[in-house]
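In the numbering used here, the protein residues as written are 80 to 336.
Cβ atoms here follow ideal geometry from the backbone N, Cα and C, with glycine treated the same way.
Report on the structure given below.
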């Protein structure tokens, strides 16, 4: 018995419908509070996704899919974004500012080295006069830490030396080091504060490039998924419509026979 065309299309329709059931491969699931986080792979496009179900911070998720962005892909795209004219312009502006500030800071490098050497000696003299058993010893140690800032050993930005302060460390320092040298150190620190701000500006540019890269990659993955879904849906409708047309035509032919 010869199979009718609409029957073949009906079988294809069933296969297409069943294909959607095998589209998502769930690789692993973990619990984060009241939120189920599932990692999945879209077999149709090869892309990876995160599926959220549950609640977090008063937000409810029901199988919400978020594109999974591999860190190596994000880094590669970030580098591409940083090469774009608008980012290159901002990077060049920051580099020019850093170069100018660094030149000024280097000019005061000798004064800073002299200050650092004398300040270290002052601290040792002060410690000899104020043993650890004294009440003010530990409080004043924090004051000395601010006075002995150095770009090679400190992780945070410099603070200006408060010349108008009357705390023990400042008073002792001013009595042993020329005021002009302390003022030069303050100017040196001011330049390094400018460099610190420029570093933050540089980091902000990189963060902007990273967020742009993540947004673009997520959009591309989403678009690829949407195209696959639309293609599947169109094919489903086309096959269903063709099967229905041939079925009705077959019935009509049988009725006329």
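Three-state secondary structure (DSSP) of residue i
| i | result |
| --- | --- |
| residue 80 | In this predicted model, residue 80 has a pLDDT of only 46, less than 50, meaning its place in the structure is not dependable enough to derive any value. |
| residue 116 | strand |
| residue 102 | coil |
| residue 275 | helix |
| residue 87 | helix |
| residue 328 | helix |
| residue 108 | strand |
Cα-Cα separation, residue i to residue j
| i | j | result |
| --- | --- | --- |
| residue 316 | residue 331 | 22 angstroms |
| residue 84 | residue 149 | 46 angstroms |
| residue 80 | residue 128 | Interpretation of residue 80 is limited by its pLDDT of 46, a score under 50 that renders its predicted location unreliable; the figure taken from the coordinates is listed afterwards. Looking at the two C-alpha atoms, the distance is approximately 47 angstroms. |
| residue 206 | residue 156 | 54 angstroms |
| residue 333 | residue 308 | 37 angstroms |
| residue 188 | residue 233 | 16 angstroms |
| residue 95 | residue 292 | 35 angstroms |
| residue 108 | residue 118 | 6 angstroms |
| residue 167 | residue 301 | 28 angstroms |
| residue 279 | residue 296 | 25 angstroms |
| residue 249 | residue 277 | 29 angstroms |
| residue 124 | residue 304 | 7 angstroms |
| residue 321 | residue 310 | 16 angstroms |
| residue 92 | residue 141 | 28 angstroms |
| residue 231 | residue 225 | 14 angstroms |
| residue 98 | residue 122 | 10 angstroms |
| residue 110 | residue 312 | 33 angstroms |
| residue 180 | residue 193 | 20 angstroms |
Element boundaries [alpha helix (DSSP H), containing residue i]
| i | result |
| --- | --- |
| residue 156 | 150-161 |
| residue 207 | 188-208 |
| residue 219 | 216-226 |
Local Cβ density within 10 Å of residue i, reported as buried at 16 or more and exposed below that
| i | result |
| --- | --- |
| residue 318 | buried |
| residue 270 | buried |
| residue 171 | exposed |
| residue 29 | Since the first and last residues shown for the chain are 80 and 336, residue 29 lies out of range. |
| residue 306 | exposed |
| residue 264 | buried |
| residue 87 | exposed |
| residue 184 | buried |
| residue 237 | buried |
| residue 202 | buried |
N-terminal and C-terminal residue of the beta strand (DSSP E) that residue i is part of
| i | result |
| --- | --- |
| residue 134 | 127-135 |
| residue 147 | Residue 147 -> no beta strand (DSSP E), and no H or E assigned at all. |
Threshold first: 4 residues or longer. Then list the alpha helix (DSSP H) segments lying entirely within the region 232-304, N to C.
247-253
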